[in-house]
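Engineer:
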Amino acid sequence: MEALAFKDDMAGTTAATANSLQLIAFSIGDQTYGVEITTVREIRAWNGATPLPNTREFVRGVINLRGTIVPIFDLRARFGEGQTSPTKNHVVVVMSVGEKWVGILVDAVSDILTVSKDEIHNVPEGNSIDTELLNGIVTHDNRMVGLIDLHAVVSGAKMDA
Amino acid sequence: MSDLDDFKATYFDECSELLLELEEQFHAIEDGDRSSDRLNAVFRAIHSIKGGGGAFGFAALVAFAHAYETLLDHVRDGRVELSEHVTALCIHANDIVADFVAAARDGVELPPGYGDEEKAQFDALTSGGDPDMSGEPMEEFDIDFVPVMVTIPGAEDTPSPEPIERLASTDSFEAPPMGGRSWIIRFTPHSELYARANDPLLLFRELATLGTIEVKAKLEEIPPLGDFEPFGVYCSWEITLTSDTASEARIAEVFEFVEGNCDLEIVPAPATADVGPAMPTFAELAGIEPTEDKLDAEVEAAAAAGEEGKLLSFAELAEQLKPALKAAPPVMPTPLAASSPAAPADDHDGDNERRSGPEDRRNGVQSIRVDLDKIDRVVNMVGELVITQSMLTQQMDETLRARYQELVRGIEVLAQTTRGLQDAVMAIRAQPVKTVFSRMPRLVRELSAKTGKKIRLETIGENTEIDKTIIEQLSDPLTHMIRNSADHGIEMPETRIAAGKPEAGVIRLSAEQAGGNILIAVEDDGGGINRERVLQVARDRGVVGPDQALTDEQIDQLIFAPGFSTAAEVSDISGRGVGMDVVLSNIKKIGGSVHVKSWAGKGTRLTLRLPLTLAVLDVMLVKVAGSPYVIPLSSIVETIQCARANFSRMPTGNQVLQVRGEYVQVVDLASRFAMTTDVDRENRFVVLCEAEGGVKVALIVDDIIGQQQVVIKSLEENFQSIEGIAGGTILGDGNVALIVDVQGLKSTATAHKSAA
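So the protein sequences, as listed, match chains G and A. The opening residue of the first sequence carries number 1 in the working numbering; numbering runs sequentially from there. The opening residue of the second sequence carries number 1001 in the working numbering; numbering runs sequentially from there.
1) Distance check for L1019(A) and A1098(A), CA to CA, integer angstroms please.
2) Taking the continuous alpha helix (DSSP H) assigned at E1206(A), which residues delimit it?
3) Just confirm the distance between the C-beta atoms of L1203(A) and V1258(A), as a whole number of angstroms; I'd bet it's less than 8 Å.
4) So, helix, strand or coil for E1553(A), using DSSP?
5) Does K1050(A) pass the burial test, meaning 16 or more other C-beta atoms within 10 Å, or should it be called exposed?
6) Within its chain, find whatever has a CB closer than 6 Å to the CB of A104(G); leave out the 5 residues flanking it on each side and keep chain order.
7) From this set, N127(G), S116(G), E125(G), which residue's C-alpha is nearest T139(G)'s C-alpha?
8) When DSSP labels each residue in this structure, what does D1581(A) get in the three-state scheme?
9) Excluding the five sequence neighbours on either side, which residues of its own chain have a C-beta within less than 6 Å of the C-beta of V1742(A), listed in chain order?
10) Would you kindly check if the distance between the Cβ of N1646(A) and the Cβ of Q1658(A) is under 7 Å?
11) Would the segment 49-66 of chain G count as touching the segment 1731-1739 of chain A if we require 3 or more Cβ pairs under 8 Å?
12) How is the alpha helix (DSSP H) around N1517(A) delimited, first residue to last?
13) Return the chain-ordered list of same chain residues with a C-beta closer than 6 Å to the C-beta of A1511(A), the five sequence neighbours on each side being excluded.
14) Starting from the C-beta of G1309(A), find all residues in its chain whose C-beta is less than 7 Å away, skip the five residues before and the five after it, and write them out in chain order.
15) Distance cutoff 7 Å, beta carbons only. Does K1713(A) sit that close to anything in chain G?
16) Answer with buried or exposed for K1450(A), where buried requires no fewer than 16 other C-beta atoms within 10 angstroms of its C-beta.
17) If you reduce the DSSP assignment to three classes, tell me which class Y1114(A) lands in.
18) Output yes or no for whether 7 Å exceeds the beta carbon distance between V1382(A) and L1421(A).
19) Please indicate yes or no: does the CB of L1584(A) lie closer than 6 Å to some heavy atom of the ligand FAD?
20) Could you list the residues in the segment 38-53 of chain G with a C-beta less than 8 Å from some C-beta on chain A, going in chain order?
21) Using a threshold of 7 Å, state whether the C-beta atoms of E1069(A) and H1047(A) are closer than that.
22) What residue range is occupied by the uninterrupted alpha helix (DSSP H) comprising P1441(A)?
23) Does any C-beta atom of chain G lie closer than 7 Å to the C-beta of G1410(A)?
24) If I measure Cβ to Cβ from E2(G) and keep anything under 6 Å in the same chain, skipping five residues before and after, which residues do I get?
25) What residue does the alpha helix (DSSP H) around P1628(A) start on, and which one ends it?
26) Drop a sphere of 10 angstroms on the beta-carbon of K1374(A), count the other beta-carbons inside from all chains shown, and report buried for 16 or more, exposed for fewer.
27) What are the residues that DSSP puts in a beta bridge with L65(G)?
28) By DSSP, does A1645(A) sit in helix, in strand, or in coil?
29) Which residue wins for smallest C-alpha separation from S129(G), given the options G80(G), R60(G), V70(G), N64(G)?
30) Strictly below 8 Å CB to CB, what residues from chain A border K100(G)?
31) Kindly give me the distance between the Cβ atoms of P1477(A) and V1583(A), rounded to whole angstroms, as I take these residues to be in contact under 8 Å.
32) Tell me, which residues are paired with R143(G) by DSSP?
33) How would you label L133(G), buried or exposed, when you count the other beta carbons within 10 angstroms and need 16 or more for buried?
34) Could you check if M1620(A) is buried or exposed, using at least 16 other CB atoms within 10 Å of its CB as the buried criterion?
35) What residues in its chain sit with their C-beta under 6 Å from that of F1145(A), if we drop five residues either side in the sequence?
36) Using a C-beta to C-beta distance shorter than 9 Å, which residues of chain G count as neighbours of E1384(A)?
Printed below as a string of structure tokens:
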């Protein structure tokens, strides 16, 4: 644990080595999730979004990111736990998914983690939502960190007719 | 050699422009305009294509273009008559040139012997003409593209383009007006003449204003290079001036400023002045001079030496000038002058007059090639500027206005300037529709040949300008529309005569600006849409239900249904059922609409209504369920307060609005967008919009905020398209507003209604 903590301190200055992965960790409720740091473009405070009609409840709307329109996904709602009631303290993590930029609404960004790729566990079979939305699980500080599958999160946004 | 690739790319860009111009010129020639301007333009275009092709070593292209050019030259001289046969051959030859260019560009090999047949026809037409012209080595024509070559790395010391182009103007000094009096002027400058910054060249130019001059440089005095004094004067000239007006005094006046610094002798010459044709002319010297300012007189001498091959000591100097000299044949064919850019500023008047005609126009229009991406970036930034400016204007409330009048004035000026800037930027992107229209005459010719119908194409308003992106999207729809008119509209000649119409059908292609829109119409004087047949086919295919009654207009619109074709047989022109639906979807994609109107037995008119630009939209800003939406101003007919509107209820429960004796379908945006609003019904507003084909729809919104201009942003870029929403835009406060897709709402509303 000692060594791992040290690595964390260095995370901001040293690049991830070939076999390790740097994650941005954020929280929804008391659960921690992470995405690979290289996909993150920007982290900004929640400042409202223009709702999009005829979309699923986890699509919070669109925001203006320096002249381009970026959709915001409510991760809590995506997990089926109901819409977040966002405040100024909530955070939007803007990421690139393929060619597209999307934002996800989370409660808070907590940490930057460096984990070894060997430490990634498979998501246990069971709930289809879990296996669909998570790429894997890592352990950090004895806590579980779910690795978000962004492609899965942003898919199926349109309301079924 | 990426530089060379760049030059190649530029060359191919130019080629496509030139090929377009060829089309255009021949269209005019076909219409009976046989003026020499047209022919000159054609000649110039072919010549430029050939010249560049030669520079890049596209041998097949050059050989073909050369034969073609020779024919054109004969036509221009009147040695070959521009008969219909020749015109047709030329038009066909343009295609072949285009093929050669395309093959060269894509690195594809054309089958051996491609174009030989046409080449043989050219030769047959031109043989018997002046063998000098047809047999001339083609390298001599290459000077148009010499500038391309000189900037290739490693060749920096080759002369810059200007002198060569100026050399090209030699011919204006040629073509001596025979007759008039001749004078021989012997001019030997002293070294003081140069020390006082005089330049013999300027004197010669001055002389040239008096008449035609022939300049001989006397080079006998020039020592071997080793004995060469940098400031020594070794050169003198003998000038033969032929002029009606010059007198000895007038000639002496030219040399007034160098009097005492030179030896000058002016004698009248015998009428048959022995002026050798190989003698370097003044203009050649003039052309070379600016390359080597420091060496002026010496280099002029060297140039002459190079031409005459007398003085070896100047071989090295002459080496630098070789390309220029090579490019300057003793007798310049006239077209070179035609393609030369602006004449030197101090050219004399007679000269300028002689190069009148199309060149003047050409020289007047100066243009640069700019990457479209760069322009788009400017367009986007101007868009943001417009938004910021409108935000500033909105922030100016009454108290601010009263307190800071200077600021208010400043903002007003800013508003005007941004408007102007925006218009200017849009004008950069705008192009005349001519670029698309000019491809259509060929299409009509082809169609006419394939169908056996006689068809004449008329184009109107081809200088109407429209955004480049829209123009690019126009080619396919127009092609389909014209095909459709030729195949289904225009009747066979016998049928037409029987119906009392002229034998040849007319397809009229027109463009005009109407407010914020461009209207492009394809009109034919054919039989009109056969509504019975269209309806029959539609019923057979289940597009229309068996008991559904349709108005004439609705039947006409059926031709846009996907896969719809009434042609009994599939021809290779049309009838496969792809076509009109492509037109509709392409035009919709660029924010336009298609309208069809048909008169039985008289013809059909298809009208495309297109936005002037894709980038900026005039909109009305409204609020629905607390969120901002914008509705394109172009589609809004009027706005009504709900309290004053006259609603009625249909048996299905759908509401309709009665306005000016018309019943209009109502769409409540809040419920349509599955949102809740707490605004009282009475305080809401009706925005009456007109969708495609003049169909109206009444949108109900919570509040109307105002009008403004917005820049359209894509939702699909980072997300996906949403029904009823045409895109997004960013408001002055930085928030995103959604653009209401009036057309989309109208059609989905119809679908809902029929499902209910």
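From the three backbone atoms N, C-alpha and C, an ideal C-beta is built for every residue, glycine too.
Structural biologist: Straight from the coordinates:
1) 7 Å
2) 1200-1208
3) 7 Å
4) helix
5) buried
6) For clarity, residue 104(G) is Ile in the given sequence; the question names Ala instead. Closer than 6 Å at Cβ, skipping near neighbours: F73, L75, V93.
7) S116(G)
8) helix
9) S1635, C1689, A1691
10) yes
11) yes
12) From DSSP, N1517(A) is part of no alpha helix (DSSP H) but of the beta strand (DSSP E) over 1517-1524.
13) V1433, G1461, T1464, I1520
14) For G1309(A), the predicted structure reports a pLDDT of 43, less than 50, and the residue's modelled location is therefore unreliable. A value from the coordinates is still provided. Cβ neighbours of G1309(A) beyond the five flanking positions: none.
15) yes
16) exposed
17) coil
18) yes
19) The ligand FAD is not part of the structure shown, which contains no ligands of any sort.
20) G48, A49, T50, P51, L52, P53
21) yes
22) 1440-1451
23) no
24) Low confidence applies here, because E2(G) scores a pLDDT of 39, under 50, leaving its location unreliable; read the following figure in that light. Once the five neighbours on either side are set aside, E2(G) has no close Cβ partner at all.
25) Premise fails: P1628(A) lies in the beta strand (DSSP E), 1627-1632, not in any alpha helix (DSSP H).
26) exposed
27) T68(G)
28) coil
29) Per the sequence shown, residue 129(G) should be read as Ile rather than Ser. Nearest of G80(G), R60(G), V70(G), N64(G) to I129(G), Cα basis: G80(G).
30) E1717, N1718, F1719
31) 4 Å
32) H140(G)
33) buried
34) buried
35) Caution applies to F1145(A), whose pLDDT of 41 falls short of 50 and renders its modelled position unreliable; the model cannot decide the point.
36) G67
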